[in-house]
Each structure stands twice: as structure tokens, then as C-alpha cells.
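Contents: one structure, followed by commentary.
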Amino acid sequence: MTIDALIELLSEYREQHGPDAEVRLMTQENWPFENRIAGITSGSEMNEASEEDPSEYFDNQDVAEDAIVYIVEGGQICYGSKRAWETCRDC
Numbered sequence: 222m223t224i225d226a227l228i229e230l231l232s233e234y235r236e237q238h239g240p241d242a243e244v245r246l247m248t249q250e251n252w253p254f255e256n257r258i259a260g261i262t263s264g265s266e267m268n269e270a271s272e273e274d275p276s277e278y279f280d281n282q283d284v285a286e287d288a289i290v291y292i293v294e295g296g297q298i299c300y301g302s303k304r305a306w307e308t309c310r311d312c
């Protein structure tokens, strides 16, 4: 999915559900969970991180592509529904 496609879909959902709608991340189709979104990062930001960065997660591994945007999973909220995969809109 491209950023333009994601923005277009999110804009449609904002129009339908309002600008204050909560956004969650649905993971694991076989045993679905609803998770908070911790934030967004990119391959270039991850690749530019250095050992001097104050992070316990630094693993000295570059990701494959700088131009990939990652929605980063936060904490689990509750169990989800497999119906999310049946009804999701692809780009």
C-alpha cells in the first residue's frame, strides 16, 4: 500500500466516522488482537539510528528499504475479530 492510497482511505473513513475516530491496529488473522498504535517510523529513520541513540531496542540491523513506512504496534487492547480481514479494503 502506498502512502497516497493509505491517506485516501483514511480520509474516506474520517468523513464517514469523524475526525476523532480512534485508530487501532488489527493483528494476527488466525488469533486476532486489537492493538494501540505506538507511532509511525520509516526505514530511513531506522537505518539512520546509531548506537549513540538512547534506545534499549538498538539492534544494529538495517532494514531492507529506506522508503518503507511502518505503523508501529503499541499495547494490546483486546481480542479482535477475524471479520476484519473479510471486510478490509485493499489498495
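For the working numbering, count along the sequence shown from 1 and bump the result up by 221.
Beta carbons: idealized from backbone N, C-alpha and C, even for Gly.
Quick caveat: nothing in here was measured; it's all calculated off a predicted structure.
- The beta carbon of glycine 295 sits closer than 7 Å to those of Asn256, Arg257, Ile258 and Ala259, all from its chain and outside the five residues before and after it, given in chain order.
- For the set Lys303, Ile228, Tyr291 and Thr262, the Cα lying nearest the Cα of tryptophan 252 is the one of Lys303.
- Look at threonine 262 here: in three-state DSSP terms it is strand.
- Within a 10 Å sphere around the beta-carbon of glycine 301 sit 16 or more other beta-carbons, which makes this residue buried.
- Note that the C-beta distance between isoleucine 261 and tyrosine 234 is not below 8 Å.
- For the options Ile298, Ile289, Ala305 and Thr248, the alpha carbon positioned closest to that of methionine 222 is the one of Ile289.
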